[in-house]
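Engineer:
Numbering (our numbering), first residue to last: 11 to 160.
In structure tokens, the structure reads:
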């Protein structure tokens, strides 16, 4: 997106006297034309004319509103850049390396481990145990009262 610099100047309030221009309207138009041509020669583009309020002091304690006529110009700060992304250097494409996950050779229930729990505190341990612990047996018995105990 282009970026602009703006400049606001006071519009001429009086015409410039010349031999060829006799009416006040022609003199005022000529003064305005000179200001606009001077700004254009410096690279400024005319945008619009505005009439804006200006609050100014009048005496020691009062203030008045005066209306000011201004001319608005703009100039492009820099040349617009291309909107394309810079071209990246070609990179060597490598195939991904697939590493198989580490899995135990045997089933956990068949691996070497504790054959029975030495003490049961009601909380299962994280170690591999072949068979069920006593707490699981009690839980199974309480949920299935019909089956006989081993």
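Ideal Cβ positions, reconstructed from N, Cα and C, are used throughout, including at glycine.
#1: Please list the terminal residues of the continuous alpha helix (DSSP H) segment that includes residue 42.
#2: Examine the Cβ distances between the stretch 76-91 and the stretch 53-63 and report whether three or more of them are shorter than 8 Å.
#3: I need the DSSP call for residue 121, collapsed to helix, strand or coil.
#4: If you count every other CB in all the chains shown that lies within 10 Å of the CB of residue 155, and 16 or more means buried, which is it?
#5: Would residue 65 and residue 18 qualify as a contact pair, given that the criterion is a beta-carbon distance under 8 Å?
#6: What are the start and end residues of the beta strand (DSSP E) that includes residue 148?
#7: Using a threshold of 7 Å, is the CB atom of residue 86 nearer than that to any non-hydrogen atom of the ligand COA?
#8: Quick check: residue 12 and residue 42, are their CB atoms within less than 8 Å of each other?
#9: Classify residue 27 as helix, strand or coil using the three-state DSSP reduction.
#10: Could you tell me whether the Cβ atoms of residue 26 and residue 37 are closer together than 8 Å?
Structural biologist: Taking the definition as stated:
#1: Residue 42 -> alpha helix (DSSP H) spans 34-51.
#2: Two segments are said to touch when three or more pairs of C-beta atoms, one from each, lie closer than 8 Å; by this definition the stretch 76-91 touches the stretch 53-63.
#3: With a pLDDT of 49 at residue 121, under the threshold of 50, the modelled position of this residue cannot be trusted, and the question is left open.
#4: exposed
#5: no
#6: Not the beta strand (DSSP E): residue 148 falls in the alpha helix (DSSP H), residues 144-153.
#7: The ligand COA is not part of the structure shown, which contains no ligands of any sort.
#8: no
#9: coil
#10: yes
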